[in-house]
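Notes to accompany the following structure.
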Amino acid sequence: MHLVTPLYIKLTCGGCTFPPEWTGSWFQSGVPGLISINSTHIQSRGECSETESYDKFLLYDRALGNLSIYGTPGPKTIQRVYDPLKTNAHTTAFIYCTSSARGGCTFPPEWTGSWFQSGVPGLISINSTHIQSRGECSETESYDKFLLYDRSFNCYKCMVIHEKHKYVLQYKETFCSPKNTLSTICEEISGDAPLYSMFRKEPRPEPQPCPFHPAPFTFTYSRGLGDCVYPPSRAESCTDDSRLLLRYMACPDVPGTESNVEELVCLATWKEGSTRYLVGQISQVQRRNSIASDEDTYRCFIYKGQHGEKSTYIIAQSGDATCNGLSSPTDGSRTMKLTTSDDEHTRCHFPSWIVEHHKWFSLDHTHQYHFTTKNATLKASTHTRTATFQIYAHGQVMNADGSFEEKRLVCHSILEQKDKKHIKLVAHVTRGCESGHVCLSFHYRVPGAVLELRGGSLWEAPQDACSQNVDSPYVTLITTSLTPMQCPIQGRYSIVGSLSDRRRRRQQLPQGDEGPQEECVAGDYDSISIGCGHSQDTVELKSSCSSTMYTCYGGWQEGSRGFLVAAPVARGSSHPRTFCFMYTHHNESSSVTTSLSAVSRSCDRSAIPGRHGDAAYNLTSNGTCQQSSQYNSSASRATPLVALLAAILTVR
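For the sequence shown, UniProt numbering begins at 1 and goes up steadily by one.
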């Protein structure tokens with residue numbers, strides 16, 4: 001007779017997870033229907049209990065009470081344990097599961113990453129089943145209550161976690177206690193239990209638009225010892241609408257106030273009932289080189305907006321890197337009241353003849369100017385490290401790390417306007433979080449095609465911006481929808497002198513026109529025809545071995561100097577370079593010579609035609625297009641007759 005001894009095996013079920021890439025439905029030959037896999041279960045196989053080496057999994061089948069080991073050759077099923085060396089008896093094993101005791105639930109995948117919490121050294125890491133220093137997920141309820149198991153102390157705690165924003169988690173928790181049901185342990189959390197806030201650090205959060213607009217604002221503030229009203233402080237917008245510059249002024253009659261400049265980067269906003277919250281990071285602009293910790297920079301805000309003739313915001317700021325101690329917009333470590341500044345640019349718009357084309361580009365397409373649909377704002381950006389316009393009217397500037405800063409110009413006031421040809425105005429300009437006022441002058445050179453602008457120096461006060469003459473270089477802009485036009489100074493010319501700098505010659509040639517012969521690469525042209533084609537809208541440079549053709553897109557005259565905007569006919573889409581041809585005429589004793597230069601960035605008035613630029617030529621006229629054509633035609637007809645006469649004379 002054999003003694004049958006019952007053996008109870010306690011299993012930790014659900015203590016592992018499958019790779020998230022496996023989640024879905026799978027086909028297997030010989031299996032009816034599809035096999036469903038989620039993070040902890042494989043349909044008809046069981047739930048993950050333990051894993052090893054990322055390919056071996058111990059699965060528990062609740063229906064049969066069996067364990068299966070997958071990942072080794074041939075699944076092995078354990079139903080009965082027999083140890084003849086010890087008992088020489090049959091031992092029946094009863095396998096039971098501890099109700100998904102440890103690791104039987106998962107956290108939302110959006111929480112995975114590293115989080116900062118005030119008062120906790122280092123960052124808190126969260127993955128699908130664990131919260132660092134808190135434990136592993138054992139059980140969950142209602143998507144916000146989690147029973148966590150701490151292996152170090154063999155105890156359980158309840159965490160009630162609320163996702164306020166994808167970058168903000170707030171939670172309350174119990175002390176660690178022996179095993180009990182989730183509901184029983186969670187009942188230990190009282191209403192006045194501490195509320196903890198975690199702010200995402202990795203993956204790095206993307207700043208969100210600040211909820212305070214339209215800037216700029218004037219504001220008053222208080223640290224609890226009285227309101228600092230005069231002189232008023234000022235809040236200014238940045239090019240990036242997720243940043244706000246706060247310029248605090250010191251009030252002589254209020255203790256604890258000081259002049260200071262802070263930059264607020266907005267990270268998260270959410271609403272609870274009628275209360276609105278903001279989490280951001282604050283940096284001291286005047287102490288950027290100092291090392292500031294997360295404890296120093298993270299702050300929580302409660303705010304309330306009121307919108308009428310002017311927009312106002314009442315704001316309360318936390319005193320540390322938590323959201324504790326904030327109950328209303330008027331109660332905080334520091335309170336502020338922002339009021340929209342009464343700026344004139346709300347009544348100023350760029351003229352329709354400029355904004356009818358919302359986008360303008362520099363000749364080399366490295367700078368873009370975009371007018372908003374409301375005709376009040378101009379955004380300028382660039383895509384190179386080289387600036388062509390050293391004031392606040394030309395575009396983004398690339399930082400050393402390769403990032404871009406966009407400039408935004410808002411129409412402040414119009415000073416003068418002449419028909420649809422010229423306008424002079426004051427604009428408020430913002431670059432990063434720096435701002436001021438600049439004088440802008442727009443000149444319409446070719447309707448619908450070419451626009452030029454000049455900008456003055458940066459001034460704090462708008463009335464000073466145009467107090468001096470604007471003498472900065474012109475920036476030449478074109479639209480993307482250029483239409484070919486008749487070329488000026490039409491005719492055929494011989495090139496009697498040209499710029500010998502080979503490097504500049506290569507810039508004049510479009511990519512793909514460089515031939516294998518060295519003299520052609522040098523661009524050693526000997527003739528040029530302007531407007532001699534069928535449509536009279538091309539410029540062609542010729543030599544004995546190469547030629548380059550340009551399309552004319554319009555021109556204008558300034559005194560004795562002429563300007564022509566033209567682009568290579570065979571230009572590549574990746575290098576859409578357009579040129580400004582500048583020319584002057586010179587009357588000499590026997591003939592009239594023309595000096596011509598091509599510049600690739602702007603119509604540079606400092607460049608002398610025939611001497612400076614990407615290419616420069618001195619020309620003598622061979623007559624009009626018609627005269628040259630008639631001469632060539634007559635010569636071609638005369639050649640056979642001359643040959644015939646020569647043959648007759650030879651025979652005689």
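Glycine residues also receive a C-beta, built at the ideal position from the N, C-alpha and C atoms. None of these values were measured; they are calculated from a predicted model.
7 Å Cβ cutoff met for residue i and residue j
i, j, result
"LYS157", "THR174", "yes"
"LYS145", "CYS105", "no"
"GLU295", "ALA321", "yes"
"MET549", "VAL565", "no"
"residue 654", "VAL410", "Since the displayed the chain opens at 1 and closes at 652, residue 654 lies outside it and no answer follows."
"GLN486", "ILE530", "no"
"MET336", "TYR221", "yes"
"TYR525", "SER544", "no"
"ARG408", "THR382", "no"
"PRO484", "GLY555", "no"
"SER341", "PRO211", "no"
"SER177", "CYS155", "yes"
"ARG454", "VAL470", "yes"
"SER283", "GLU263", "yes"
"HIS412", "HIS428", "yes"
"MET198", "TRP115", "yes"
"SER44", "LEU34", "no"
"LEU482", "TYR553", "yes"
"SER561", "CYS433", "Strictly speaking, residue 561 in this sequence is Arg, with Ser absent from that position. Result no, Cβ atoms of ARG561 and CYS433 do not sit closer than 7 Å."
Which listed residue (the options) has its alpha carbon closest to that of residue i
i, options, result
"HIS370", "ILE478, TYR60, GLU136 and GLN43", "ILE478"
"LYS420", "THR140, GLY562, TRP353 and SER138", "TRP353"
"LEU58", "GLY30, SER36 and CYS16", "CYS16"
"THR584", "CYS625, CYS603, GLY610 and ALA567", "GLY610"
"SER318", "GLU309, HIS307, LYS310 and SER333", "SER333"
"GLU540", "SER560, ILE528 and SER237", "ILE528"
"PHE18", "GLU50, LYS164 and PRO32", "GLU50"
"GLU188", "HIS213, VAL160 and HIS349", "VAL160"
"THR339", "CYS323, LYS172, THR312 and LEU245", "THR312"
"LEU415", "GLU452, ILE42, GLY432 and ASP464", "ASP464"
"GLU258", "ASP241, GLN286, TYR277 and CYS238", "GLN286"
"PRO214", "GLY226, GLU21 and SER237", "SER237"
"SER457", "SER472, CYS532 and LYS374", "SER472"
"GLU406", "GLU163, ASP241 and PRO108", "ASP241"
"SER183", "GLY308, GLU139 and ILE37", "GLU139"
"PHE301", "ARG276, VAL446 and VAL261", "ARG276"
"GLN208", "LEU278, GLU141 and THR181", "LEU278"
"THR181", "GLU136, LEU245 and GLU141", "GLU141"
"SER190", "LYS359, LYS172 and THR372", "LYS172"
"residue 653", "SER606, ARG223, VAL261 and TRP22", "The requested residue 653 does not occur in the structure, where the chain is confined to residues 1 to 652."
"GLU558", "ASN587, ARG605, SER546 and THR551", "ARG605"
"SER535", "SER547, THR551 and ASN38", "THR551"
"GLU136", "LYS310, PHE107, GLU588 and TYR474", "PHE107"
Distance between beta carbons of residue j and residue i, contact taken as under 8 Å
i, j, result
"GLU460", "GLY497", "Actually they do not touch by this definition, with Cβ atoms about 50 Å apart."
"ILE131", "GLY113", "Incorrect: roughly 11 Å between the Cβ atoms, too far for contact."
"HIS365", "ALA380", "About 14 Å; that fails the 8 Å criterion."
"HIS349", "ASN324", "Their Cβ separation, rounded to whole angstroms, is 47 Å, which puts HIS349 and ASN324 out of contact at 8 Å."
"ARG223", "GLY256", "5 Å"
"CYS625", "CYS532", "4 Å"
Contact test: residue i Cβ vs the ligand MG heavy atom, cutoff 6 Å
i, result
"ASP614", "The ligand MG is not part of this structure, which contains no ligands at all."
Item to check | Sequence ranges, beta strand (DSSP E) only - wholly within the segment 284-344, length at least 3 | outcome: Within the segment 284-344, the runs of beta strand (DSSP E) that reach at least 3 residues and sit entirely inside it are, in chain order, 298-307, 311-317 and 334-340.
Next on the checklist: Closer than 8 Å is the cut-off here; do at least three beta carbon pairs connect the segment 327-339 with the segment 195-211?
Outcome noted: With a cut-off of 8 Å on Cβ pairs, the segment 327-339 is not in contact with the segment 195-211, counting fewer than three such pairs.
Next on the checklist: Assess contact between the segment 612-621 and the segment 587-599, defined as three or more Cβ pairs (one per stretch) separated by less than 8 Å. Is contact present?
Outcome noted: Yes: the two stretches touch, three or more of their Cβ pairs being nearer than 8 Å.
Next on the checklist: Would you call the segment 267-274 in contact with the segment 153-173, where contact means no fewer than 3 C-beta pairs closer than 8 Å?
Outcome noted: Judged by Cβ distances under 8 Å, the segment 267-274 makes contact with the segment 153-173, as three or more pairs qualify.
Checklist entry - For the segment 243-260 against the segment 438-448, are there 3 or more C-beta pairs whose distance is under 8 Å? => result With contact defined as three or more Cβ pairs closer than 8 Å, the segment 243-260 and the segment 438-448 are not in contact.
Next on the checklist: For the pair the segment 145-152 and the segment 229-248, tell me if three or more CB-CB distances fall below 8 Å.
Outcome noted: In this structure the segment 145-152 does not touch the segment 229-248; the number of beta carbon pairs closer than 8 Å is below three.
Checklist entry - With a cut-off of 8 Å, do at least 3 Cβ pairs link the segment 579-586 to the segment 599-610? => result Contact annotation: the segment 579-586 touches the segment 599-610, with at least three C-beta pairs closer than 8 Å.
Next on the checklist: Report the start-end ranges of each alpha helix (DSSP H) in the segment 171-207 that is 4 residues or longer and not cut off at the edges.
Outcome noted: Counting whole runs of 4 or more residues, the segment 171-207 contains the alpha helix (DSSP H) stretches 182-186.
Checklist entry - Along the chain, which unbroken stretches of the beta strand (DSSP E) at least 3 residues long are found entirely within the segment 424-488? => result 434-446, 450-455 and 475-478, all fully within the segment 424-488.
Next on the checklist: Which runs of the beta strand (DSSP E) at least 3 residues long sit entirely within the segment 530-575? Give them in chain order.
Outcome noted: The segment 530-575 contains these whole beta strand (DSSP E) runs: 538-542, 547-558 and 561-568.
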